[in-house]
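Q: Each residue of the sequence shown is one higher than the one before, counting from 2 in this note's numbering.
Cβ atoms here follow ideal geometry from the backbone N, Cα and C, with glycine treated the same way.
Source: prediction; values computed, not measured.
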Amino acid sequence: MLALLAGGSSRSSSNNKLAESESAAQNSSTMSWGTELWDQNDNLAIHTNRGIDALDKYANFLRDRVAIETEYAGKLRRLVKNYQPKKKEEEDNEFTSMQAFRNLLKEVGDLAGQREVVSESLQLQIIAGVTLLSKTLREERKKCLSDGANLQQNLTTQLSSLDRAKRNYEKAYRDSEKAVDSYKRADMDLNLSRAEVERYKNVMTAKIQQSDDAKNEYANQLQKTNNLQQQHFSMLLPAVLNRLQELDEKRTRGFREFIVGAADVESSVAPIIARCMEGIVKAGESINEKEDTFKVIERYQSGFTPPRDIPFEDLSKCDPDSVQDSHYSNSTSNHLTIKGTMSANKLRKRVGIFNIFGSNKEDFSDLPPNQRRKKLQGKIAELTQSIAQETKARDGLMKMKIVYEANSSLGNPMTVEGQLNESEHKLEKLKVDLKKYQDFLEKACQVPAATSSPQASRNQLQNGHRTSRHSNGSADDHHDDGDDQPDDAGSLSSSASPESGLGTSHTSLPGSGQGSANENAIGEDTYYETEVETLNPLGTCRALYPFEASSEGSIPMSEGEELQVIEIDQGDGWTRVRRANNSNGWDEGFVPTSYIECTLYA
């Protein structure tokens, strides 16, 4: 019941307002400033001036708003530009969260564009119209006021003439009255002669005539003044005031249209802004945490298995040096990650984690198994696409050549021959590269994946499955000088895996290479004696993975093998090592840093 009463009262109120507005419209159509405000010329002049000032104030408001809209759009565009993904972040674009963020930036850029549209539309349509209307109204108002002033001046002049004629009539009438009195006294005075009496009579007659003339002039001026005043207040002045009324109504109507127009400008971009908001919501909803998780696994999965349990070390059955070195290597390796490497006795940061599986080898053999296969498959897909494109280009050239041969007026077939040969050569090279990478992939698929991680390899090494000077002391006779140094407490160790990537290999250094029993024993001993003196061991290392030397200056090693470090990694991914061979000589060369675990002396 209360709701019905409230609804009825609201409808009654709206109906009353509608009736009042209709009544006001009817009254305004029958009422005018010329008739109702005939005596308010000055106030109307002030009112119209204030109205035009209000219009100018609205124009200034729009200018300030346009400036704000322009600044806002510019800041939005700068914001989008500043947060655009950098080139080094392009590899993260495969994640749905980053794709959503890029779409968000695009939508925000579109929003900035819509604010620019609002700013330009307000400037060109609304502000220009308001400025022109204000200028026109001021000119019309000035002309109306000038006409009104002229009319008022004419009326004032006529009133002055009437006042002057009235004063003249009053003076002439008083003078005539005095002349009549003088003549009457002279006529009754017996002492005056007839001639003097006649003179008084003539004066009286002249004054009476002057009074009559002044009276007629006064009556004439009064009639002219009344006519002019009636015309002034009934026709001339109302016409001017009605023009001021039209001017003010034009200003009011323009004010309404400009406000509605500004709202229409805003409303015109509202659907596009709404679509931008829908795009932002859609971008947010497109984020899939499970898909991103899978992509992270796909990107960083190395293919290695977790380490096995650490075996128990019986100190009574192990060499003390080996135990101490093993304990120190495990304790220090926990403080380093794959993001660091040893260079010049300092810990130097490598590239970021997103470049963890970078490779400088053509066959990506320095990468973990899964990552290697992934890289090779990507390369094969890229080459296949290039071959398809080049094949289409070659077919097009062949068709063009056939057309030219059939109709020489269309072109010279020899001009296409060179392009065709170049295309054939490029296509052949792409096919050779494709075959090469297919062989790489086939070889990578044939190699079994590693069954142990670097940590597991270290556990195996610590359990005695290796050949080094610390296993049983059998290899200590040739380099005891440098092998006692790992006992120092200040030594550092560097642990890495193939995930760190490799650089290009060093070329072989003078005197490097594998020793041979057929070489001069004296010269060989002399050389290595000198080599040991000039390049003392910097530490030791264990091979975490087997390595086959495939480039000049490198040496092979087997998993678990222990070697001497004579030159640390200089940032190219290779470490120079040496080991004793079966001919009482030394084998020296480079091995991948990520394939070994280093323990450097202090």
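If I measure Cβ to Cβ from residue 127 and keep anything under 8 Å in the same chain, skipping five residues before and after, which residues do I get?
A: Your numbering for residue 127 matches position 126 in the sequence shown. Cβ neighbours of residue 127 beyond the five flanking positions: 63, 259, 262, 263, 266.
Q: Is it right to say residue 151 is buried, meaning 16 or more other beta carbons lie within 10 angstroms of its own, or is it exposed?
A: In the sequence shown, counting from the first residue as 1, residue 151 sits at position 150. Residue 151 comes out exposed.
Q: Hey, residue 574 and residue 559: beta-carbon distance below 8 Å or not?
A: Taking the sequence shown and counting its residues from 1, the one referred to as residue 574 is at position 573. Taking the sequence shown and counting its residues from 1, the one referred to as residue 559 is at position 558. Cβ atoms of residue 574 and residue 559: not closer than 8 Å.
Q: Please report the residue range of the beta strand (DSSP E) in which residue 385 lies.
A: The sequence position of residue 385 within the sequence shown is 384, counting from 1. That residue, residue 385, is in no beta strand (DSSP E); its alpha helix (DSSP H) goes 370 to 407.
Q: Residue 205 to residue 170, Cα distance in whole Å?
A: Indexing the sequence shown from 1 puts residue 205 at position 204. Indexing the sequence shown from 1 puts residue 170 at position 169. Roughly 16 Å separates the two Cα atoms.
Q: State the start and end residues of the unbroken beta strand (DSSP E) segment that holds residue 308.
A: Here residue 308 refers to the residue found at position 307 of the sequence shown. Residue 308 -> no beta strand (DSSP E), and no H or E assigned at all.
Q: Alpha carbon to alpha carbon, how far is residue 212 from residue 46? Give it in angstroms, no decimals.
A: Against the sequence shown, residue 46 aligns to sequence position 45. Against the sequence shown, residue 212 aligns to sequence position 211. Cα to Cα, residue 46 sits roughly 44 Å from residue 212.
Q: Suppose you measure from the CA of residue 83 to the CA of residue 400; what does that come to, to the nearest Å?
A: Within the sequence shown, numbered from 1, the residue matching residue 83 stands at position 82. Within the sequence shown, numbered from 1, the residue matching residue 400 stands at position 399. Answer to the nearest angstrom: the Cα atoms are 49 Å apart.
Q: For the segment 212 to 230 against the segment 101 to 113, are there 3 or more C-beta pairs whose distance is under 8 Å?
A: Result no; under three Cβ-Cβ pairs closer than 8 Å.
Q: In whole angstroms, what separates the C-alpha of residue 304 from that of residue 370?
A: Translated into positions along the sequence shown, residue 304 becomes position 303. Translated into positions along the sequence shown, residue 370 becomes position 369. Going by the C-alpha atoms only, they are around 6 Å apart.
Q: Going by other Cβ atoms of all chains shown within 10 Å of its Cβ, with 16 needed for buried, is residue 433 buried or exposed?
A: The residue labelled residue 433 in the question sits at position 432 within the sequence shown. Exposed.
Q: Within its chain, find whatever has a CB closer than 7 Å to the CB of residue 539; leave out the 5 residues flanking it on each side and keep chain order.
A: What you label residue 539 is simply residue 538 of the sequence shown in a count that begins at 1. For residue 539, where only same-chain residues beyond five positions count, the Cβ hits under 7 Å are 566, 567, 569, 601, 602.
Q: Could you tell me which residues DSSP pairs with residue 542 in its beta bridges?
A: Along the sequence shown, read from residue 1 onward, the residue named residue 542 stands at position 541. In the DSSP output, where bridge partners are listed per residue, residue 542 has 564, 599.
Q: Residue 249: which of 386, 145, 67 sits nearest, CA to CA?
A: Here residue 249 is taken as the residue at index 248 of the sequence shown, counted from 1. The candidate whose alpha carbon is nearest that of residue 249 is 145.
Q: Which one of 219, 394, 592, 392 has the shortest CA to CA distance from residue 571?
A: Position 570 of the sequence shown, counted from the first residue, corresponds to residue 571. Cα-wise, what sits closest to residue 571 is 592.
Q: Considering only their Cβ atoms, is the gap separating residue 368 from residue 395 smaller than 8 Å?
A: On the sequence shown, residue 395 is found 394 positions in, with the first residue counted as 1. On the sequence shown, residue 368 is found 367 positions in, with the first residue counted as 1. Cβ atoms of residue 395 and residue 368: not closer than 8 Å.
Q: Tell me which residues share the same chain as residue 218 and place their Cβ nearer than 8 Å to its Cβ, disregarding the 5 neighbours each side in the sequence.
A: Position 217 of the sequence shown, counted from the first residue, corresponds to residue 218. 166, 169, 170, listed in sequence order.
Q: Excluding five sequence neighbours on each side, which residues of the same chain lie with their C-beta closer than 6 Å to the C-beta of residue 208?
A: Working through the sequence shown from its first residue, we reach residue 208 at position 207. Result list for residue 208: 176, 177, 180, in chain order.
Q: Tell me the rounded alpha-carbon separation between residue 254 and residue 50.
A: On the sequence shown, position 253 is the one that residue 254 refers to. On the sequence shown, position 49 is the one that residue 50 refers to. Straight-line Cα distance between these residues: approximately 16 Å.
Q: Which stretch, first to last residue, makes up the beta strand (DSSP E) that contains residue 590?
A: Taking the sequence shown and counting its residues from 1, the one referred to as residue 590 is at position 589. Run containing residue 590: 587 to 593, per the beta strand (DSSP E) assignment.
Q: Compare the C-alpha of residue 39 against each of 242, 196, 372, 598 and name the closest.
A: Along the sequence shown, read from residue 1 onward, the residue named residue 39 stands at position 38. The shortest Cα separation from residue 39 among 242, 196, 372, 598 belongs to 242.
Q: CA-CA distance, residue 198 and residue 183?
A: In the sequence shown, the residue the question calls residue 198 occupies position 197. In the sequence shown, the residue the question calls residue 183 occupies position 182. Roughly 10 Å separates the two Cα atoms.
Q: Per DSSP, residue 558 is paired with what?
A: Position 557 of the sequence shown, counted from the first residue, corresponds to residue 558. In the DSSP output, where bridge partners are listed per residue, residue 558 has 548.
Q: Relative to the alpha-carbon of residue 553, which residue among 580, 563, 590 has its alpha-carbon at the smallest distance?
A: Along the sequence shown, read from residue 1 onward, the residue named residue 553 stands at position 552. The shortest C-alpha separation from residue 553 is found at 590.
Q: Do you know whose CA, among 388, 547, 160, lies nearest residue 225's CA?
A: Within the sequence shown, numbered from 1, the residue matching residue 225 stands at position 224. Among 388, 547, 160, the Cα nearest to that of residue 225 is on 160.
Q: Roughly how many whole angstroms lie between the Cα atoms of residue 192 and residue 185?
A: Within the sequence shown, residue 192 is the residue found at index 191, counting from 1. Within the sequence shown, residue 185 is the residue found at index 184, counting from 1. If I take the Cα positions, the gap works out to 14 Å.
Q: Do residue 374 and residue 1 come within 8 Å of each other at the CB atom, strictly closer than that value?
A: For residue 1 there is no data in the structure shown, the boundaries of the chain being 2 and 603.
Q: Within the same chain, show all residues whose beta-carbon is closer than 6 Å to that of residue 216, passing over the 5 residues directly before and after it, in chain order.
A: For this step, residue 216 is matched to residue 215 along the sequence shown. Cβ within range, chain order: 170.
Q: Is residue 34 helix, strand or coil when you go by DSSP?
A: Residue mapping note: residue 34 aligns to position 33 of the sequence shown, counting from 1. Helix.
Q: From the DSSP output, which residues share a beta bridge with residue 578?
A: Walking along the sequence shown from the start, residue 578 turns up at place 577. Answer is 566, 590.
Q: For residue 280 and residue 61, what's the separation of their Cα atoms in angstroms?
A: Here residue 280 corresponds to residue number 279 of the sequence shown, with the count starting at 1. Here residue 61 corresponds to residue number 60 of the sequence shown, with the count starting at 1. Cα to Cα, residue 280 sits roughly 35 Å from residue 61.
Q: Is it right to say residue 470 is buried, meaning 16 or more other beta carbons lie within 10 angstroms of its own, or is it exposed?
A: Mapped onto the sequence shown, residue 470 falls at position 469. Low confidence applies to residue 470: its pLDDT is 35, below 50, so where it sits in the model is not reliable, and the reading given next is rough at best. It is buried - the Cβ of residue 470 has at least 16 other Cβ atoms within 10 Å.
Q: State buried or exposed for residue 597, treating a residue as buried only when at least 16 other CB atoms are found within 10 Å of its CB.
A: Here residue 597 is taken as the residue at index 596 of the sequence shown, counted from 1. By the neighbour-count rule (16 or more Cβ atoms within 10 Å), residue 597 is buried.
Q: By alpha-carbon positions, which one of 424, 441, 315, 397 ends up nearest to residue 377?
A: The residue given as residue 377 occupies position 376 in the sequence shown. Nearest of 424, 441, 315, 397 to residue 377, Cα basis: 441.
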